[in-house]
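So the structure is just underneath, and the comments pick up after that.
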Amino acid sequence: MLYGYRRHGALAQQQAQLISMGAQMVANSQDLIYPFFVIEFKADGPSRSAGLWVATNQCLGGSASCVHIAERLNCQLRQCKWDEVQPIDSAAFSVAMSGTEARLYISWKHNELDYYTRKVKSFLLQEPEQYVEFRKYVLNILDWGKDKRLEGIRDTLSSLLEESRKRVLLIDLVSTVPDQID
């Protein structure tokens, strides 16, 4: 399962900028963009740890892809040298689950080459207190994704659109200046 944004839903006001960027922010065939939360579920089998191990490996790859997609937007922002808008938080969360356990991870990009993932916490789902705590973590991640992170993406896309409009205006202005000026 993957959480992100629908192009025409959460980012309806930024369509012009999204169209100009092509498909670089698209995460899957359902046109989900700027994903931030990956959940991998593997049922318990005869070898209980094997399912969770597979789910964890899939989480690592999925969350690294989420971070990479968000970092593309930050890269465009850095190229504009736009000081007024902060880079978006490119961190991504993931959960590897079996029928009895859930492991919550956070992934981020440390520098140009290094991606890191750290386990936040493990939860035994058959323990009521831990199940409730796990649910709170998940709901907080979803709230962060639909509030603070989404607002940062909107601001960044709007700033990139404004920057491209300024460039077009400057090009138009320069092209209207007579060639005879010495």
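Just so we're aligned: 99 in full-length UniProt numbering is position 99 of the sequence shown, and the numbers increase by one with no gaps anywhere. Yeah, the Cβ is synthetic: ideal placement off N, Cα and C, and Gly gets one too.
Grouping DSSP H, G and I as helix and E and B as strand, with all else coil, what is K42? Three-state result, K42: coil.
Inter-residue Cα distance where the pair is D143 and Q86: Here the C-alpha atom of D143 lies approximately 20 Å from the C-alpha atom of Q86.
Spatial distance of L160 from N28 (CA atoms): Taking the straight line from one Cα to the other gives about 24 Å.
Starting from S122 and walking both ways along the beta strand (DSSP E), at which residues does that stretch end? Start and end: 115 to 124.
From the DSSP output, in three-state form, read off G4 for me. In the three-state scheme derived from DSSP, where H, G and I count as helix and E and B as strand, G4 is classed as strand.
For T117 and S63, which I take to be in contact (beta-carbon distance under 8 Å), what is that distance rounded to the nearest angstrom? Yes, T117 and S63 are in contact; Cβ-Cβ is about 6 Å, under 8 Å.
Considering only residues of the same chain and omitting the five flanking positions on each side of A10, which have a CB-CB separation below 7 Å? Excluding residues within five positions, the ones whose Cβ falls inside 7 Å are L150.
Look up E163 in the DSSP assignment and say whether it is helix, strand or coil. It is helical.
Ends of the alpha helix (DSSP H) at R135? In the DSSP annotation of this structure, the continuous segment of the alpha helix (DSSP H) that includes R135 starts and ends at 128 to 144.
Find out if the Cβ-Cβ distance for the pair Q130, L124 is shorter than 8 Å. Contact flag set, yes.
Cβ-Cβ distance between G4 and F41 below 8 Å: In this structure, F41 does not lie closer than 8 Å to G4 by Cβ.
Rounded separation between S107 and H8 - CA only: In a straight line, the C-alpha of S107 is about 27 Å away from that of H8.
Label V38 either buried or exposed according to how many other C-beta atoms from any shown protein chain fall within 10 Å of its C-beta, with 16 as the threshold for buried. Here V38 is buried, its C-beta having at least 16 other C-beta atoms within 10 Å.
Would you report the Cα separation of V26 and I33, rounded to the nearest angstrom? For V26 and I33, the distance between alpha carbons rounds to 4 Å.
Note the first and the last residue of the continuous beta strand (DSSP E) segment covering Q102. Note on identity: in this sequence residue 102 is Ala, with Gln being the wrong assignment. Following the DSSP letters along the chain, one finds A102 inside the beta strand (DSSP E) bounded by residues 101 to 109.
Within its chain, find whatever has a CB closer than 6 Å to the CB of H110; leave out the 5 residues flanking it on each side and keep chain order. Y116, listed in sequence order.
Let's test the definition: count the other Cβ atoms within 10 Å of the Cβ of G152 and tell me whether it reaches 16, buried, or not, exposed. G152 is buried by the Cβ-count criterion.
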